[in-house]
Each structure stands twice: as C-alpha cells, then as structure tokens.
Amino acid sequence: MAAPSTPSPIPIVRDVPALRRAVAGLRASGRRVGFVPTMGALHDGHLSLIDAAGADDHAVVASIFVNPTQFAAGEDLADYPRREAADVSAAAGRGAELIFAPTTEAIYPDGFGTTIHVDGPTAVLEGAARPTHFDGVATVVAKLLIAVGPDRAVFGQKDAQQVAVVRRMMRDLHLDDIALVVAPTVRDDDGLALSSRNAYLSPAERQSALAISRGLRAAEARAQAGETAAAVLESETRSVIDEEPGCELEYVSLVDADEFTPVEEAAGSCILCVAARVGSTRLIDNILI
Ligand code: PAF
227 MAAPSTPSPI PIVRDVPALR RAVAGLRASG RRVGFVPTMG ALHDGHLSLI DAAGADDHAV
287 VASIFVNPTQ FAAGEDLADY PRREAADVSA AAGRGAELIF APTTEAIYPD GFGTTIHVDG
347 PTAVLEGAAR PTHFDGVATV VAKLLIAVGP DRAVFGQKDA QQVAVVRRMM RDLHLDDIAL
407 VVAPTVRDDD GLALSSRNAY LSPAERQSAL AISRGLRAAE ARAQAGETAA AVLESETRSV
467 IDEEPGCELE YVSLVDADEF TPVEEAAGSC ILCVAARVGS TRLIDNILI
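Note that the sequence shown covers residues 227 to 515 in our numbering.
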C-alpha cells in the first residue's frame, strides 16, 4: 500500500489561472509580492533568495519548474534532481507562502510558438558554450514574471550571466517595473559555490571542484593588491585550476558586469567568470572584481 502523502505546508498551484487567483489572495491585504524562480533541488543559496524576496514583509512566491527549453540535447534534463515535497517544506520553512510548480503543458501548451532571444550578454561564455540556453531562460523567466506579476524578483549572483540576460530582457520588454534583486553567491565553508548540480559530484570530485573557488580567490587577492590586467587575473585563476587534475577548465574570462563583453583591464564593475568540468559535471562560478 502506498504511504499516505503528507499535506503540503503551503499552497501549490499548477497552472497560471490558479497562480493568479492565489497571488491576488496574497495581495488582498495590501501586501507586496517577492518572487524567486527556481528549478527546485533547493539549497541554502535558494533559501537566501527567499529571504531577500521576503524583506519588508513581501509575500514570497517561489516557482519550481525544471525548464526543458534551457537544456540542449545531451545535457542533464533527465537527471536534474527533482524533489518537490522536500523543496516545498524547505521554502515554506524559510517563509515562502505560495509555490508555483506548473506542469510542462501549463508553461508550453500544444502549439506554443514564442521564443525570446536576447542579444548582447548572450554572445559569449555560457551563451557560446550552450547556444540555446539563454533563449530558454529568457522565455521562461518572462513567462513567469508575467504570470506572477511580482513587485520584486530575486536571482543569484552565482548565475551572473543569467542576471545580465534577465536584466536586459526585463528592460526591453517593459518588465522593469519589477525590481530585480541580485543576492550574493552562497558558498560552503570550504568555498564551493552552492549549486543544485553539486549533487552530481562524488566526494573525490567535490574535492577537485574546490580548485574553482581557489582559483577565483587567487585572482581576487591579486586584484585587491592592485592588479588590473585581465590577462594576469585570468592566468592566476587558470594556473590554480590547472594544478588540479580532476578539474578541467573550460573558460576563465574577465567581463563587464552589464554587457558581458570581455575587458582587458578591470575597471568599474567587472566579473571574473569560470566554467570547468569535474568528471561529467559542468560547474560555473564567478567573483566580482
Ligand atoms: O537559475 C535557475 O534556476 C533557472 O535558470 C531559472 C531562472 C529558474 C529559469 O528556469
């Protein structure tokens, strides 16, 4: 006999009409709404986004949707961790009041034919490595923002290029009446940036993955000592990662934080971005320079 299912601690809605009714209910007492889009497998990084979304008594809506259109063929869509009940409890425990966990059909019904493509910050790094990824992200984030209609939406700095793409999309589509809040990357004590994909790492791979944050910290130390040349900062990170045989660097690049264009000198707001493979897991991380 199947075990009885535990009732959800907060409402879960599965389609946009139910979402709109539930959000109207949250707003009925005059409260504003903060929104955290996620693909589930929530970790402390996501929970910190919920904290930021709920500041000043905003009612927090979190979405859990593993968006198929941001995965290319051969990527980890099928393996992506899915654990809705645990995610809902964790989000509720942190103060979220509503979960939007739509079916794929609710987001992409038969005949769905619209894709949002953002130029500019999609041209390099993750956009070059995963050419269809940001179309999927921009399209689903636009749909989620339109469906939820929040006052603020919170994204993690860990996915810095995604933030730049979403910022551009929100500006271009007149969604910029929604405040875009970027919350700092949350790291384990040993420096590893929290990511749902860390769940794929074996203990040995997890050790190897530490080279990524070590490499970024080495460049950060050089920058704090006054170094501004991108080539030097990148090579500092590269040499630390190259010392770790289990961690294969894909790119390290210093870019302008808004445009994501590579820069030669660190000036203004720049981000040093890394992608690396550890076993079959592809990880990204970055630091602000
Ligand atoms: O960062 C993520 O988890 C996803 O890219 C997002 C923003 C939820 C869109 O699917």
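Idealized CB from N, CA, C, for every residue including glycine.
In this text the structure is predicted, and so the values were computed from the model without any measurement.
Given a cut-off of 8 Å, decide if H359 and Q296 are closer than it, judged by their beta-carbon atoms.
Within the sequence shown, numbered from 1, the residue matching residue 296 stands at position 70. Within the sequence shown, numbered from 1, the residue matching residue 359 stands at position 133. Yes, the pair counts as a contact, with Cβ atoms nearer than the cut-off.
Integer-rounded CB distance, given that I236 should sit under 8 Å from I325
Taking the sequence shown and counting its residues from 1, one reaches residue 325 at position 99. Taking the sequence shown and counting its residues from 1, one reaches residue 236 at position 10. The pair is a contact, with the Cβ atoms about 6 Å apart (cut-off 8 Å).
What does the shell around the ligand PAF hold, if a residue joins when its beta-carbon is under 6 Å from any heavy atom?
P263, T264, M265, N293, Q296, V363, V366, V367, D385, Q388
Selected residue, minimal CA-CA separation from L480, among D511, R247, A278:
What you label residue 480 is simply residue 254 of the sequence shown in a count that begins at 1. That would be D511, whose Cα lies nearest to the Cα of L480.
I'd like to confirm the pairing. Which residues does DSSP put opposite G382 in its beta bridges?
Here residue 382 refers to the residue found at position 156 of the sequence shown. According to DSSP, G382 bridges with A409.
Three or more C-beta pairs under 8 Å: does that hold for the region 347-357 against the region 463-481?
For the pair of segments examined, the region 347-357 was found to touch the region 463-481: the number of CB pairs separated by less than 8 Å reaches three.
Along the chain, where does the beta strand (DSSP E) containing T507 start, and where does it finish?
Taking the first residue of the sequence shown as 1, we reach residue 507 at position 281. Segment 507-514, the beta strand (DSSP E) holding T507.
Is E431 near A456, with beta carbons less than 8 Å apart?
For the purposes of this step, residue 431 is taken as residue 205 along the sequence shown, with counting starting at 1. For the purposes of this step, residue 456 is taken as residue 230 along the sequence shown, with counting starting at 1. No, they are not a contact pair.
Beta-carbon gap between L401 and G417 smaller than 8 Å:
Position 175 of the sequence shown, counted from the start, is the residue given in the question as residue 401. Position 191 of the sequence shown, counted from the start, is the residue given in the question as residue 417. Not in contact: L401 and G417 (Cβ atoms no closer than 8 Å).
Below 8 Å CB to CB, which residues in the same chain sit around A373 once its five sequence neighbours on both sides are set aside?
Counted from its first residue, the sequence shown places residue 373 at position 147. Hits under 8 Å: V242, L245, R246, F326.
Counting pairs of beta carbons, one from the region 381-388 and one from the region 411-427, are three or more of them closer than 8 Å?
yes
Boundaries (first-last residue) of the beta strand (DSSP E) holding G260
Position 34 of the sequence shown, counted from the start, is the residue given in the question as residue 260. Per DSSP, G260 belongs to the beta strand (DSSP E) from 259-264.
Identify the continuous beta strand (DSSP E) that holds D482 and give its terminal residues.
Sequence index remark: in the sequence shown, residue 482 carries index 256 (1-based). Here the beta strand (DSSP E) through D482 covers 473-482.
Is the distance from the Cβ of A449 to the Cβ of T463 below 8 Å?
Locating residue 449 in the sequence shown gives position 223, where the first residue counts as 1. Locating residue 463 in the sequence shown gives position 237, where the first residue counts as 1. No. Outside cutoff.
Note down the Cα distance separating E469 from S434, rounded to an integer number of angstroms.
Your numbering for residue 469 matches position 243 in the sequence shown. Your numbering for residue 434 matches position 208 in the sequence shown. Rounded to whole angstroms, E469 to S434 spans 10 Å at the Cα level.
Distance between T507 and G271 (C-alpha atoms, nearest Å):
What you label residue 271 is simply residue 45 of the sequence shown in a count that begins at 1. What you label residue 507 is simply residue 281 of the sequence shown in a count that begins at 1. Using only the alpha carbons, I get a separation of about 19 Å.
The beta strand (DSSP E) that contains F360, what's its start and end?
Within the sequence shown, numbered from 1, the residue matching residue 360 stands at position 134. First-last for F360: 359-374, but that is the alpha helix (DSSP H), not the beta strand (DSSP E).
Report the residue from G505, T411, R393, A492 whose alpha carbon sits nearest the alpha carbon of P429.
Position 203 of the sequence shown holds residue 429. Of the candidates G505, T411, R393, A492, the one whose C-alpha sits nearest the C-alpha of P429 is G505.
Unbroken alpha helix (DSSP H) run spanning R443, endpoints:
Locating residue 443 in the sequence shown gives position 217, where the first residue counts as 1. It spans 429-450 - the alpha helix (DSSP H) in which R443 sits, taken as one unbroken run.
Assuming contact is defined by CB atoms lying nearer than 8 Å, are L406 and V391 in contact in what I supplied?
Here residue 406 is taken as the residue at index 180 of the sequence shown, counted from 1. Here residue 391 is taken as the residue at index 165 of the sequence shown, counted from 1. For L406 and V391, no; Cβs fall outside 8 Å.
Beta-carbon proximity of G441 to I467, cut-off 8 Å
If you number the sequence shown from 1, residue 441 lands on position 215. If you number the sequence shown from 1, residue 467 lands on position 241. Against a cut-off of 8 Å, the Cβ pair of I467 and G441 comes out as a contact.
Going by C-alpha to C-alpha distance, which of M265, L509, R257, T487 sits closest to T329?
Position 103 of the sequence shown holds residue 329. T329 has its Cα closest to that of M265, out of M265, L509, R257, T487.
Element boundaries [alpha helix (DSSP H), containing V242]:
Taking the sequence shown and counting its residues from 1, one reaches residue 242 at position 16. Looking at the DSSP string, the run of the alpha helix (DSSP H) that includes V242 is 242-253.
Neighbourhood of A409 by C-beta distance below 7 Å, restricted to the same chain and skipping five residues each side:
Indexing the sequence shown from 1 puts residue 409 at position 183. Within the same chain, A409 has close Cβ partners S274, L275, A278, V380, G382, Q383.
Identify whether S315 lies in helix, strand or coil by the three-state DSSP scheme.
Stepping through the sequence shown from its first residue, residue 315 is reached at position 89. In the structure shown, S315 adopts helical secondary structure according to DSSP, grouped into three states.
If we ignore side chains and look at the alpha-carbon of each, how far apart do D283 and P471 end up?
For the purposes of this step, residue 283 is taken as residue 57 along the sequence shown, with counting starting at 1. For the purposes of this step, residue 471 is taken as residue 245 along the sequence shown, with counting starting at 1. Approximately 48 Å between the Cα atoms of the pair.
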